[in-house]
Amino acid sequence: MRIRLILTLLLLPACIYAQERFLVRGRIVDEKGEAVEYVHVGIPRLGIGTVSTVDGRFEIVVPADTLEFHHVSYQTGYYPVSAPDNDLVIVLKESELPPAVFIGGDTKEKYLLRPGTRFVGAQGGFNARDGIDKGKEVGSVAKARKPFLIKDILFTVTSNRIPRCVISINIYRIEGEPKEFINILHKPIYADVAVSDGRQDFDIRPDESILLEPGSYFISFSLVDCDMDAVRMFQETPESERNPTDMELYTNIYFKSSYYRESSLAGLDYIPVNIGISVKGLEYQ
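The structure is reproduced here in structure tokens:
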């Protein structure tokens, strides 16, 4: 029998729901007018968020407040919401890449992160039955004691019934108290997950050089896209006729420190289990 990992939703203050809310639709482009894919859109302090489509389109219902637009390759965008908008166009400016850093000296191949002890029989992951898991995020905490160059990010999906599923890999440096999670990527990392009832092993090799300075890091993956037409068809199917595993992605569960984000741009909360990410590369001696 499968034991599903259940993560409790954080309740927003009741006053948020009492505010008038507005439907905002639009698209996100760069300075050349080309679509920017998978932008996190929302109001972080309220825990409201979604992820734009591969062609930069988004739809969100929010109170009068400032919408934020986050993407690792672009400067954060802002838009004050005071009324409904059906054709908003947001232009994001590309971030400048930092100069390359080279470190001399000997290196040693090493795993920076391993999954931990498996929770036998437990399965966790994402579901897209309501289309609400886009932006949900979970991962593991790693500690670099010396400078470390990431070469491979590995994880396993035990089964996936979400059509056209795309996940993103994210890396944050953890600083301060209360903890602040600072994105260190400059290029997005995506992986397509095929629909399959069988195991799929992933070995992601980032395009950019990711050099970690000594410190603590949160390394995670997030659901950023799926076939929304398939989601709607699932929702229109009578419950008695639904396949109970449709619109779900599963991974094994392991005992190891982790954090969890309920939706795009929501806060991160500590949990004692993770989904089995491994990271290997070169440690500088």
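Here the sequence shown is numbered in the numbering used here, starting from -14 and rising by one per residue.
Beta carbons: idealized from backbone N, C-alpha and C, even for Gly.
Being a predicted model, the structure only gives us computed values, none of them experimental.
Put residue i into one of helix, strand or coil per three-state DSSP.
i	result
E226	helix
P65	strand
P29	helix
K121	coil
K78	coil
E5	coil
H56	strand
G11	strand
S144	strand
T35	strand
Closest to residue i by CA distance: which of the options is it?
i	options	result
Q60	G124, E16, A107, I174	E16
D214	E160, S263, R149	R149
I262	S248, S125, E81	S125
V105	I260, L267, Q270, G266	I260
R10	V21, V47, L31	V47
G32	V74, E224, K121	K121
Identify the residues that DSSP records as bridge partners of residue i: which are they?
i	result
D137	K265
T92	Y269
F240	T102, V258
R217	Beta-bridge pairing links R217 to no other residue.
P48	R6
K128	S201
Can you list, in chain order, the residues of its chain whose CB lies under 6 angstroms from that of residue i, leaving out five sequence neighbours each side?
i	result
I138	I154, I189, V264
D254	Y245
V24	I13, S37, F54, H56
Can you find the residues in the same chain that come closer than 8 angstroms, C-beta to C-beta, to residue i, ignoring five residues on each side of it along the sequence?
i	result
C0	Because the pLDDT of C0 is 47, which lies under 50, any placement of that residue in the model is unreliable, and the number read from its coordinates should be weighed accordingly. Counting only Cβ-Cβ distances below 8 angstroms, and skipping sequence neighbours, we find nothing.
E5	P48, A49
Does the segment 86 to 103 touch the segment 33 to 52, meaning 3 or more C-beta pairs lie closer than 8 angstroms?
no
Quick check: the segment 66 to 73 against the segment 239 to 254, are at least 3 beta-carbon pairs closer than 8 angstroms?
no
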